[in-house]
Structures are given as C-alpha cells and as structure tokens.
Amino acid sequence: MKKRPGLHLCVLLLPCILLAGCGVGDSADSAADSAMNYSERAASAAKLDARLARHSNELGLRLLAKLREQGGAEGNLTISPYSISAALALAYNGGSGETAAELGGLLGYAPGELEQLNAGNKALLPLLNDAGPGIQLELANSVWVENGIKLRKNYLEAAETSYGAQVRTTDLSAEKTVTKVNQWVSDHTAGKIDRMLEQPPGGNTVALLVNALYFKGAWQEKFPVENTALADFHPDKSTTVEVMMMKQSGNFAYAENEDWQAVRLPYGEGQMDMLVILPSEGSSIDEVLQGGLPAGDLFAERFGTVGLPRFTAEYGADLKEAVQALGLKTPFDPAKADFAALADTDMPIFIGSIIHKTYMEVNESGTEAAASTLVAMDAGAAPTADLPFELTADRPFIYVIEDRQTELWLFLGTVGNPQAAE
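One point on numbering: in this note's numbering, the residue at position 275 of the sequence shown is 295, and numbering is uninterrupted.
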C-alpha cells in the first residue's frame with residue numbers, strides 16, 4: 021500500500037435532478053414490468069421502520085432551512101433528502117466511537133442501532149426498485165476501492181447486503197476511472213447524469229461510494245397544454261416576472277390554514293406525488309419551513325383549480341457547513357474522526373467536503389428525475405361539499421416529490437423565481 025500523508029474522507033453528494041415531460045404511455049411500459057401492484061407495494065411499505073423515512077425527511081427539512089440561512093433563500097434550491105441520508109448511512113457504517121454516534125444521531129439512530137438502520141435500508145431497497153404501476157424508480161449503489169486498500173469485512177457485508185452495492189477495485193487517480201464512474205452513473209440514470217466526476221478524485225482517495233436514483237412517471241392527470249398561458253409571478257413584493265403558468269381543475273388532496281395552502285399532485289396510481297406548499301401573502305417560505313410541512317390528516321379531497329409554473333431549477337453547494345451547523349462535528353475533525361470500521365489503513369480518515377448539485381425541470385406531462393451521490397474517501401376521501409379552492413403558485417413556493425407509500429421524500433426544494441435558471 022502506498023504511503024499516505026493522512027486519510028481524508030471527502031463526501032461528495034451530487035444529486036442532479038431532472039424533471040421533464042414523459043408521456044403516459046412511457047410510464048405504462050414500466051408498469052408492465054412491475055413486480056408489485058399498488059396494494060402489494062403498500063403492504064410491503066407498511067412493514068418498514070417508520071423512523072427511516074421520518075428522520076430522512078426531517079434531515080432534509082433542516083438542511084434546506086440551513087442552506088437558505090446561508091444564502092440560498094432568494095433563488096431556486098433543491099436537495100435530495102433520501103440521497104443525502106443514504107450516503108451518510110454508508111459513511112456511518114465506517115464510523116466508530118464518537119464519529120459513529122454523531123452520524124447516527126444526525127440520521128435519527130442511537131448508538132447500537134446501526135443494524136436497525138441497515139435493516140431498514142435493506143427492506144426499502146426493493147421498494148425503490150419497484151414503484152408499482154405507472155412509475156419507474158431505480159436505485160443503485162457502488163463502491164470503488166483504490167488498489168491496495170482493504171475494506172473491512174463487516175463494512176463490505178453491510179454495503180453489499182443492506183445497500184446492494186457493487187464493489188470494484190481500480191486506480192482512483194487514473195483518468196480511466198473518471199470514465200468508468202461517469203458511465204456507471206449514466207447507465208443507472210438513463211443518461212440524465214453523465215458527468216459525475218470532472219477529474220480523478222486525487223492521489224489520496226481510498227474509496228468512492230456512489231449512489232444513483234432514477235425516477236420516471238407521468239402526472240395522474242396531465243396539465244392540459246391549451247390551459248398554459250403567460251402569467252405574472254412575484255419573486256418578491258417589488259418584482260414581477262412573466263412565466264408560463266400551467267392550470268388544471270379536478271379533485272385533489274388539499275389542505276390550508278392561515279399561513280399556507282397545500283395540494284398533492286399524484287403520479288401513477290397515487291403511490292407517489294408532488295406536494296406543493298404555497299405560503300400565504302402574510303407568511304413566507306422560511307416561516308412555513310420552521311413550522312414543519314403539512315402532512316397526514318390535514319389533507320382532504322376537494323375540487324379546485326391548481327396553477328403551477330413551468331420551472332427549471334439548478335443548485336449546487338458544499339453542504340459541509342450546513343451539516344456541521346446541525347451538530348455533525350467530529351467526523352470532519354482530522355484529530356478526532358474515527359472511521360476505523362471502514363478500511364484497513366494506518367492513517368486516520370475524516371470527512372473533507374459534502375458537494376451537492378441538482379437540476380430540475382417541470383412541465384405539463386410528467387416527471388423524470390435522476391439523483392446521484394458520490395462519497396469519496398480521501399487520504400487525510402370522497403369529494404366534500406366545501407367551496408372549490410384555487411391554488412396558484414404565483415409567488416415563491418415549496419415542493420416535495422414524495423413516496424406516499426413509504427412516506428420517503430425523494431426530492432425537496434423551493435422556487436423563488438421560475439425564470440432564474442432559464
């Protein structure tokens with residue numbers, strides 16, 4: 021094994037999300053290959069450890085709020101709570117002592133509960149690879165190990181068994197590794213993410229942990245193209261921009277209070293949806309985030325009209341400071357971090373950075389989404405009689421792509437200006 025000045029665990033989370041139109045027929049093709057129908061998937065989802073989704077969603081909500089505090093409040097910001105949680109869970113498997121305790125705490129699992137976390141992810145894996153009729157969803161993980169580096173047996177077993185990870189040995193400092201990793205990600209995201217790495221991760225890298233997530237589905241009810249028209253959007257009280265506003269009327273799961281309106285727009289047979297939360301004129305995105313997003317019994321089926329702008333959102337940031345602000349300190353400290361359970365090395369490992377990138381597009385037809393996470397280990401009811409509602413997202417709003425059956429948030433974001441990334 022080459023002598024190294026120190027082991028640096030650089031966590032690179034680069035989910036790139038693409039939402040674009042896909043026809044109902046396209047989703048139907050994937051439905052034909054589905055092994056589970058709606059009811060079967062719901063029954064399997066009901067057996068999951070509910071903490072897994074709850075804590076993943078909570079982490080996403082806290083990170084989104086923290087990133088807005090750190091300067092992302094004005095534009096369009098998107099993260100993948102599940103992708104971040106899954107990558108940190110893989111890192112947690114390599115941690116020991118205080119390092120493991122902090123990672124487990126961030127993920128919602130106390131010391132000694134790593135097996136429960138892994139069991140939950142193992143049970144979730146087949147559901148994320150089979151979303152049921154009308155939706156295509158695929159999850160894949162891989163571990164790329166530097167030549168001469170020996171991963172711990174327990175770590176390998178957890179990565180392969182609980183996360184379905186493929187393990188490959190390679191020269192991580194070589195240009196050919198960039199091509200191989202990028203091709204693997206492209207293959208598992210239908211070509212939507214083809215540049216996961218721009219250059220070799222460096223001579224101190226000991227392993228790469230790569231996660232890929234692909235989603236494709238059509239709205240259960242498309243937004244009629246003929247209803248789309250130019251409309252005003254107000255990024256703030258003194259600014260107005262023109263956007264293409266999509267509109268449709270029908271029965272939707274809807275909730276409201278004095279601070280927000282919320283509606284669920286389903287995909288497929290309703291096993292997944294986009295939750296849209298519009299703060300009231302007297303409230304704001306940050307106030308809604310602080311109070312927690314609406315869920316559960318707050319929603320009832322009502323007839324109404326939904327207006328949603330076509331939008332494109334791009335975002336990229338190093339999450340290191342945001343994660344540290346949530347209490348994860350030790351894994352970033354070269355003098356204190358303990359990742360001895362990850363690999364057989366003679367130098368300490370610590371987390372160097374957490375890079376997160378996203379891209380999103382929404383239109384009348386449906387949603388196509390891809391996310392990829394790279395962790396680099398471096399040296400060093402029936403309609404009610406209520407009046408029809410109207411929800412028109414003509415000012416900054418929040419959205420979630422959620423798996424209703426597992427209650428997992430795949431993507432979470434805010435739109436401050438639909439034109440910002442055009």
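The C-beta atom is built at its ideal place from N, Cα and C for all residues, glycine as well. Because the structure is a prediction, the values reported are computed rather than measured.
> Quick one: is Gly433 buried, meaning 16 or more other Cβ sit within 10 Å of its Cβ, or exposed?
Replying inline: Residue burial is scored here from C-beta neighbours: Gly433 has at least 16 other C-beta atoms within 10 angstroms and is therefore classed as buried.
>> If you reduce the DSSP assignment to three classes, tell me which class Ser182 lands in.
In response: Of the three classes helix, strand and coil, the one that applies to Ser182 here is helix, per DSSP.
> Expressed to the nearest angstrom, what Euclidean distance is found between the alpha-carbon atoms of Ala121 and Pro101?
Replying inline: C-alpha separation (whole angstroms): 20 Å.
> From which residue to which residue does the alpha helix (DSSP H) around Ala109 run?
Replying inline: Residues 101-113.
> Nearest-angstrom Cα distance between Glu427 and Gly316?
Replying inline: Distance between the alpha carbons of Glu427 and Gly316 is about 10 Å.
> Is Arg172 helix, strand or coil when you go by DSSP?
Replying inline: For Arg172, the three-state secondary structure derived from DSSP is coil.
> Within this structure, are the beta carbons of Leu228 and Ala282 separated by less than 9 Å?
Replying inline: Not in contact: Leu228 and Ala282 (Cβ atoms no closer than 9 Å).
> Pick from Asn57, Leu72, Leu79, Lys173: whose alpha carbon is nearest that of Gln344?
Replying inline: Nearest C-alpha to Gln344: Leu79.
> Can you give the beta carbon distance from Val11 to Trp164, rounded, assuming they're within the 8 Å contact cut?
Replying inline: The requested residue 11 is not part of the displayed model; the chain covers only 21 to 442.
> Which one of Glu89, Gly95, Ser64 has the shortest CA to CA distance from Pro438?
Replying inline: Of all alpha-carbon atoms in Glu89, Gly95, Ser64, the one lying nearest the alpha-carbon of Pro438 is that of Gly95.
> If you draw a straight line from the alpha carbon of Ala139 to that of Asp366, how long is it in whole angstroms?
Replying inline: Distance between the alpha carbons of Ala139 and Asp366: 30 Å.
> Thinking C-alpha only, which one of Glu278, Trp280, Val296, Arg71 is nearest Pro286?
Replying inline: Checked all of Glu278, Trp280, Val296, Arg71; the closest Cα to Pro286 is Val296.
> Is the distance from the Cβ of Gly184 to the Cβ of Pro351 below 9 Å?
Replying inline: Their beta carbons are not under 9 Å apart, which means Gly184 does not touch Pro351 by this criterion.
> CB Thr225 to CB Leu171, shorter than 9 Å?
Replying inline: No, the Cβ-Cβ distance between Thr225 and Leu171 is not below 9 Å.
> Under three-state DSSP, which class holds Phe235?
Replying inline: For Phe235, the secondary structure class from DSSP, reduced to helix, strand or coil, is strand.
> What does Ser269 pair with, by DSSP beta-bridge criteria?
Replying inline: Under DSSP, Ser269 shares a beta bridge with Thr325.
>> Within a Cβ cutoff of 8 Å, which residues of the same chain sit near Ala55, ignoring the five residues on either side of it in sequence?
In response: Asp150.
>> What does the alpha-carbon distance come out to for the pair Asp358 and Ala111?
In response: So the alpha carbons of these two residues sit roughly 11 Å apart.
>> Given a cut-off of 9 Å on the beta-carbon distance, is the pair Phe323 and Phe272 in contact?
In response: In this structure, Phe272 lies closer than 9 Å to Phe323 by Cβ.
>> Please classify Val326 as buried or exposed, where buried requires at least 16 neighbouring CB atoms within 10 angstroms.
In response: Around the beta carbon of Val326, a 10 Å sphere encloses 16 or more other beta carbons of the protein chains shown; the residue is thus reported as buried.
> Do Leu250 and Met266 come within 9 Å of each other at the CB atom, strictly closer than that value?
Replying inline: Cβ atoms of Met266 and Leu250: not closer than 9 Å.
> Roughly how many whole angstroms lie between the Cα atoms of Ala106 and Leu407?
Replying inline: Answer to the nearest angstrom: the Cα atoms are 42 Å apart.
>> Within a Cβ cutoff of 6 Å, which residues of the same chain sit near Val420, ignoring the five residues on either side of it in sequence?
In response: Here Val420 has Leu295, Trp429, Leu432 as same chain residues with Cβ atoms under 6 Å from its own Cβ, once five neighbours each way along the sequence are excluded.
> So Glu422 is in the beta strand (DSSP E); what residue range does that whole segment cover?
Replying inline: For Glu422, the uninterrupted beta strand (DSSP E) run begins and ends at 417-423, by DSSP.
> In whole angstroms, what separates the C-alpha of Ala179 from that of Ile104?
Replying inline: In a straight line, the C-alpha of Ala179 is about 16 Å away from that of Ile104.
> Got a sec, what are the start and stop residues for the beta strand (DSSP E) Asn277 sits in?
Replying inline: Taken as a continuous stretch (DSSP letters only), Asn277 belongs to no beta strand (DSSP E), as it is neither H nor E.
>> Going by C-alpha to C-alpha distance, which of Arg82, Ala70, Asn77 sits closest to Glu307?
In response: Considering only alpha carbons, the answer is Arg82.
> Under three-state DSSP, which class holds Ile213?
Replying inline: Ile213 carries a coil assignment under DSSP once its states are collapsed to helix, strand and coil.
>> Would Ile169 and Ala360 qualify as a contact pair, given that the criterion is a beta-carbon distance under 9 Å?
In response: Not in contact: Ile169 and Ala360 (Cβ atoms no closer than 9 Å).
>> Residues in the same chain with beta-carbon distance under 6 Å from Glu118, minus the five sequence neighbours each way, listed in chain order, please.
In response: Same-chain partners within the cutoff: Thr350.
> Would Asp423 pass as a contact of Leu147 if the rule is Cβ separation under 9 Å?
Replying inline: Yes, the Cβ-Cβ distance between Asp423 and Leu147 is below 9 Å.
>> In the DSSP assignment, the alpha helix (DSSP H) including Gly311 goes from what residue to what residue?
In response: Per DSSP, Gly311 is one residue of the alpha helix (DSSP H) stretching across 305-311.
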